[in-house]
Each structure stands twice: as structure tokens, then as C-alpha cells.
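Written out below as C-alpha cells is the structure these notes cover.
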Amino acid sequence: MKNVFPSEENGKWNFHEILLTLVLITIPTKHLFISIALILYVLFALRNGVKRRGISFQPILILPMLFYLLMVLSLIWSKAPSLSLSGLQKELPFLLVPLAFMLAPQLSRASLYRILRNYSWFMVAYSLVFLIRAVLRYVISKDSSVFFYHNLVTEELNAIYISIFSSLALMYFVAQKTKSTCTNFAFIVLFVFVVMLSSKSIITIDVILIIAFYAFFAAVPKGTKTVTILSVIAFVVCSFVFVEQVRERFLIEYETAFVDNTLNTKIGNGNVYNVSLHQAWTQQKFEENHFFPGTALRVFQVRIFNEMMNEQPVFWTGFGLEASQDQIKAKIKEHGLYGNYGDFNYHNQYVQSFSDLGILGFLFVVFLVIWNAKNAFISKDFLHIAFSITMIILFLSESFFCRQRGIVFFIVLYCMFQCADLKKTKQ
24 MKNVFPSEEN GKWNFHEILL TLVLITIPTK HLFISIALIL YVLFALRNGV KRRGISFQPI
84 LILPMLFYLL MVLSLIWSKA PSLSLSGLQK ELPFLLVPLA FMLAPQLSRA SLYRILRNYS
144 WFMVAYSLVF LIRAVLRYVI SKDSSVFFYH NLVTEELNAI YISIFSSLAL MYFVAQKTKS
204 TCTNFAFIVL FVFVVMLSSK SIITIDVILI IAFYAFFAAV PKGTKTVTIL SVIAFVVCSF
264 VFVEQVRERF LIEYETAFVD NTLNTKIGNG NVYNVSLHQA WTQQKFEENH FFPGTALRVF
324 QVRIFNEMMN EQPVFWTGFG LEASQDQIKA KIKEHGLYGN YGDFNYHNQY VQSFSDLGIL
384 GFLFVVFLVI WNAKNAFISK DFLHIAFSIT MIILFLSESF FCRQRGIVFF IVLYCMFQCA
444 DLKKTKQ
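Structure below.
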């Protein structure tokens with residue numbers, strides 16, 4: 024414990040470090056545990072603020088708090104006030120976490136990296152638990168699908184979100200200057216786990232980041248860089264060639280992108296047809312047996328958002344926090360799709376915020392990720408850069424702030440990296 028959480032100079036435990044670690048390691052667990060960890064951290068910060076009788080105002084932490092204020096104001100014009108009120112409870116970390124960082128002791132970069140180290144090892148443990156669970160389920164069912172996508176981690180946890188959480192841990196082990204047998208083992212476990220989770224966007228981002236690290240950051244011989252990069256690429260290529268479930272996740276996007284009404288052989292009884300990107304953007308009426316692959320669905324969601332903006336005067340205000348979902352359901356019905364598609368959000372955080380909160384909501388999200396990326400590149404910190412790039416790209420395919428796990432993951436790491444970087448700048 025002394026190595027994991029070193030005590031402060033006065034011999035006391037560094038509860039700031041301990042509680043932030045607790046918040047991060049509860050993100051892949053039940054919502055109750057995440058909430059309890061957040062409450063404990065906020066109470067600790069409030070106690071510290073009262074004790075020192077001061078608050079450290081930082082503009083970069085004010086931005087997410089103003090974003091939350093806009094969410095509160097949207098109650099005034101919301102088309103679904105009850106949904107907006109419920110959404111405010113879920114989005115509360117945008118207010119409380121930055122406030123807590125202003126009240127809590129200054130986070131040192133040494134503490135930041137100990138927290139990330141502890142979080143990363145916990146993600147290795149989570150990965151092993153899910154992999155062992157899958158092996159046991161396979162022994163019973165003989166069904167290889169238990170090793171992939173939502174089946175590996177449950178649909179409630181969501182394979183894409185667990186991929187994101189695992190990827191940060193993966194980048195931590197990639198960035199280690201001294202590689203030991205344990206860190207190499209952790210890297211392999213997490214990399215295999217991410218590939219098995221089969222998130223197309225996360226696998227692509229991770230491969231690019233690993234190549235970028237060894238090309239621009241790693242202080243290792245050129246031969247080692249080349250071998251590592253080729254090994255990562257070879258592993259991913261072999262996964263596509265030899266692992267059917269991973270290959271299909273990518274191929275369906277390629278095969279259906281530009282060809283209309285290809286037959287879907289995995290769903291239905293030969294009467295389900297895939298929608299192409301062109302159809303998703305232009306076709307007026309669909310049938311209930313039309314299936315939208317991931318990219319086509321996101322194109323269609325952007326399209327109906329554009330239609331909503333042209334049909335209703337909500338450019339400046341949006342429909343209100345969480346109030347867009349009823350509008351999406353109405354559009355799904357208008358275009359004749361299978362009704363369950365109305366349960367999907369935009370799967371695009373930029374569009375989601377624009378639709379919910381208007382042009383200001385969109386600009387807040389853009390400023391958050393751009394400011395985060397700007398400071399990441401100024402600090403030249405690989406983990407911060409990896410986090411910022413992942414968020415910028417991921418927001419194009421996921422409404423990350425519609426889930427408690429996504430909100431907490433983003434805002435806690437955003438505040439941690441920004442505060443640590445600020446301290447580095449001052450030094």
C-alpha cells in the first residue's frame with residue numbers, strides 16, 4: 024500500500040489520490056458504486072475547501088461548469104421538461120467534479136501518474152475477469168460468440184465503452200519507458216481484450232496511437248520501433264483474417280457502404296436488407312426489414328438532425344437536454360423504419376449537443392475537446408494526447424455524455440490532465 028499510495032510529507036495518506044483512483048476504478052462497475060465514489064470525492068474536496076477557506080478558480084475548469092449551466096437553462100424551453108430534469112441529475116458531474124478540483128489540493132503530476140497506474144492495473148484485472156468468464160461460458164455453451172463484442176462484457180456495460188476505458192490503460196503500458204515482464208503481459212492482455220471487444224473505431228484509434236508513440240515518442244532503437252509496429256499491425260491483420268467475429272464487424276461496413284440493399288445473411292430469414300450510405304442519406308421511405316450497419320445509422324441520424332433543424336426553429340436553443348429522443352422517434356416513424364431504431368440516440372456527441380442545447384451546446388463541446396487537445400500537445404504528454412485525440416474522434420461516433428460512465432470518465436480525466444498540466448506550466 025505504501026508503494027501504491029505513498030503518504031504525504033506529514034505521514035498522512037494522500038486521500039485526494041486515493042479517492043480519484045476509487046472514482047476511476049468504479050467506472051466499469053454498477054452505477055451505484057460510481058455515484059458513491061463521486062460523492063466521497065466531492066465531500067473530501069468540500070472539507071478541504073472549508074479547511075483552507077479558499078477556492079482556486081481556473082478558467083479551464085469553469086468551462087464544463089458553464090456547459091452544465093446551459094443544460095439547466097434548457098429547462099426553460101425544453102420540449103420534454105421531465106426528461107431534461109432527469110438528464111440534469113445524470114450530467115451533474117460536469118458541475119461537481121470541476122468544483123471539487125478547485126476545492127481539493129493541487130494535483131501533482133506524480134500523483135496523476137500513480138492514479139493512472141493504479142487505474143490501468145485494475146483494467147487489466149477487469150479484462151482477465153471478463154476473459155475467464157468467457158472461457159467458462161464457452162466450456163458450457165460451445166458458442167465462440169461469448170468472446171466477442173457485447174457478449175464478452177454484457178450489453179449493459181457496452182463493449183464500446185469498455186473498449187474506451189481499456190484503451191487508456193493500454194496506452195499507459197505502451198508509454199512505459201522501462202518494459203518489464205509484467206507490463207508486457209498487461210499490454211498483451213489489454214490489446215487482445217480490446218480487439219475481442221471488436222469496436223472498429225477504438226481498434227483503429229489504438230493502432231494509430233501505438234504507431235505514433237513508437238514513431239515520435241519512444242526512446243528506443245529504430246529496429247525495436249519497427250518490430251513493435253509491425254507486430255501490432257500483424258496481430259490486427261491476423262485477427263481480421265482468422266477471427267470471424269472481428270472480420271465480420273469490419274466487413275459489413277465495407278460491403279454495405281456503397282451498394283444498396285445487400286442481403287443480410289445474419290439477421291432474419293433471408294428477408295432483411297442492409298442500407299447503404301447513399302440510401303441512409305437520400306431515401307425517403309424505408310421498410311421494417313431494412314437494417315442499418317453502424318456507419319449508415321450514423322449517417323441517417325445526421326440526416327434527420329438536419330431535417331429537424333430545417334423544420335423547427337431550434338438552431339439557437341435546441342430541443343432541451345435529453346428532449347431530442349422524442350424527436351428522433353417521430354422521425355423514425357415518419358421514414359417507416361422499424362420502431363426500435365427510435366431508441367437509439369444520435370451516436371454523435373457534437374450532433375447530440377447541438378440538437379439538445381442548440382449552437383451554444385455544440386460550441387461548448389468543441390471548445391472542451393479543442394482546449395483539452397491544445398494543452399495536451401503543449402505538455403507533450405503522450406497519455407494526455409492519446410486521451411484528447413480519442414475523445415475528438417470518438418465523439419463523431421458516440422453520444423458519450425448520454426451515459427453516466429462516459430460523463431464521469433471524460434470529466435474526471437479532463438480535470439486531472441488540465442490541473443496537472445497547469446501545475447507543470449507554473450513550475
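Count along the sequence shown from 1, add 23, and you get the number used in the working numbering.
Heads up, the beta-carbon is just placed ideally off N, CA and C, and yes, glycines get one too.
Per-residue burial, residue i [other beta carbons within 10 Å of its own, 16 or more giving buried]
{"i": "Phe67", "result": "buried"}
{"i": "Tyr277", "result": "exposed"}
{"i": "Cys261", "result": "exposed"}
{"i": "Asn371", "result": "buried"}
{"i": "Pro316", "result": "buried"}
{"i": "Gln302", "result": "buried"}
{"i": "Cys205", "result": "exposed"}
{"i": "Gln441", "result": "buried"}
{"i": "Leu232", "result": "buried"}
{"i": "Asn363", "result": "exposed"}
{"i": "Phe188", "result": "buried"}
{"i": "Leu55", "result": "exposed"}
{"i": "Gly429", "result": "buried"}
{"i": "Asp404", "result": "buried"}
{"i": "Asn207", "result": "exposed"}
{"i": "Val197", "result": "buried"}
{"i": "Asn398", "result": "buried"}
{"i": "Ser203", "result": "exposed"}
{"i": "Phe265", "result": "exposed"}
{"i": "Val337", "result": "buried"}
{"i": "Val120", "result": "buried"}
One or two residues paired with residue i in a DSSP bridge
{"i": "Tyr296", "result": "Leu286, His313"}
Separation of residue j from residue i, as counted between CA atoms
{"i": "Arg132", "j": "Ala443", "result": "5 Å"}
{"i": "Asn451", "j": "Thr285", "result": "An answer regarding residue 451 cannot be provided, because it is not within the stretch 24 to 450 covered by the chain."}
{"i": "Val250", "j": "Ser167", "result": "31 Å"}
{"i": "Ser378", "j": "Ala103", "result": "13 Å"}
{"i": "Glu40", "j": "Ser254", "result": "36 Å"}
{"i": "Leu139", "j": "Asn297", "result": "42 Å"}
{"i": "Asp349", "j": "Ile83", "result": "33 Å"}
{"i": "Val435", "j": "Leu47", "result": "8 Å"}
{"i": "Leu122", "j": "Thr52", "result": "24 Å"}
{"i": "Asn287", "j": "Leu159", "result": "31 Å"}
{"i": "Phe274", "j": "Glu114", "result": "In the sequence under discussion, the amino acid at residue 274 is Leu, which differs from the Phe named in the question. Distance between the alpha carbons of Leu274 and Glu114: 36 Å."}
{"i": "Asn312", "j": "Tyr361", "result": "7 Å"}
{"i": "Asn395", "j": "Gly293", "result": "48 Å"}
{"i": "Phe342", "j": "Ser164", "result": "46 Å"}
{"i": "Met88", "j": "Val295", "result": "46 Å"}
{"i": "Phe385", "j": "Val392", "result": "11 Å"}
{"i": "Thr413", "j": "Val95", "result": "28 Å"}
{"i": "Ile290", "j": "Ile155", "result": "29 Å"}
{"i": "Ile185", "j": "Ile327", "result": "29 Å"}
{"i": "Ser143", "j": "Val169", "result": "24 Å"}
{"i": "Val388", "j": "Tyr161", "result": "42 Å"}
{"i": "Tyr146", "j": "Phe390", "result": "Note that residue 146 corresponds to Met in the displayed sequence, not to Tyr. Cα-Cα distance, rounded: 29 Å."}
{"i": "Phe6", "j": "Met331", "result": "The chain is shown only over 24 to 450; residue 6 falls outside these bounds and no answer can be derived."}
{"i": "Gln450", "j": "Tyr64", "result": "Below a pLDDT of 50, predicted positions are generally treated as unreliable, and Gln450, at 33, falls in that range; the measurement from the model is reported next regardless. C-alpha separation (whole angstroms): 26 Å."}
{"i": "Ile78", "j": "Lys356", "result": "50 Å"}
{"i": "Lys447", "j": "Glu178", "result": "Summary for Lys447: the model assigns pLDDT 46, below 50, so the residue's position carries little reliability; its value from the coordinates is reported in the next sentence. Cα-Cα distance, rounded: 40 Å."}
{"i": "Val374", "j": "Ala346", "result": "13 Å"}
{"i": "Val230", "j": "Leu61", "result": "32 Å"}
{"i": "Ile228", "j": "Ser190", "result": "9 Å"}
{"i": "Arg75", "j": "Gln129", "result": "12 Å"}
{"i": "Val73", "j": "Thr49", "result": "27 Å"}
{"i": "Arg70", "j": "Leu180", "result": "33 Å"}
{"i": "Met194", "j": "Ala235", "result": "11 Å"}
Whole-number beta carbon distance between residue j and residue i, since they are thought to touch under 8 Å
{"i": "Val217", "j": "Ile226", "result": "6 Å"}
{"i": "Tyr172", "j": "Ala182", "result": "5 Å"}
{"i": "Thr340", "j": "Gly365", "result": "Not really, about 23 Å apart at Cβ, beyond 8 Å."}
{"i": "Leu118", "j": "Tyr149", "result": "Going by Cβ atoms, the distance from Leu118 to Tyr149 rounds to 28 Å, so no, they are not a contact pair."}
{"i": "Leu417", "j": "Ser221", "result": "So it is not a contact: roughly 16 Å between Cβ atoms."}
{"i": "Tyr80", "j": "Met125", "result": "Per the sequence shown, residue 80 should be read as Phe rather than Tyr. That belief holds up - the Cβ atoms of Phe80 and Met125 are roughly 6 Å apart, short of 8 Å."}
{"i": "Ala192", "j": "Leu213", "result": "6 Å"}
{"i": "Gln324", "j": "Tyr369", "result": "5 Å"}
{"i": "Leu98", "j": "Leu106", "result": "Rounded, the Cβ-Cβ distance is 10 Å, inconsistent with contact."}
{"i": "Phe454", "j": "Leu300", "result": "Shown here, the chain extends from 24 to 450; a query on residue 454 therefore has no answer."}
Residue i: CB within 7 Å of a non-hydrogen atom of the ligand GDP
{"i": "His313", "result": "As presented, the structure is devoid of all ligands, the ligand GDP included, so that no description of it is given."}
CB contact check: residue i to chain C, cutoff 8 Å
{"i": "Phe315", "result": "In the structure shown, chain C does not exist; there is a single protein chain."}
Those runs of the alpha helix (DSSP H) which lie wholly inside the segment 148-200 and span at least 4 residues:
Runs found: 172-176, 182-197.
Note down, one range per segment and in chain order, each alpha helix (DSSP H) of at least 4 residues found wholly within the segment 106-156.
Listed in chain order, the complete alpha helix (DSSP H) runs (minimum 4 residues) inside the segment 106-156 are 116-126.
Which ranges would you report for the alpha helix (DSSP H) in the segment 28-103 if only whole runs of at least 4 residues count?
For the segment 28-103, the full-length alpha helix (DSSP H) segments reaching 4 residues or more read 38-49, 54-75, 82-96 along the chain.
Ordered list of alpha helix (DSSP H) runs contained in the segment 221-251, each at least 4 residues
Complete alpha helix (DSSP H) runs here, min 4: 223-235.
To test your reading of the DSSP string, which unbroken alpha helix (DSSP H) runs of 4 or more residues are found completely within the segment 366-430?
Every alpha helix (DSSP H) stretch that sits fully inside the segment 366-430 and reaches 4 residues is listed by chain position as 372-402, 405-417.
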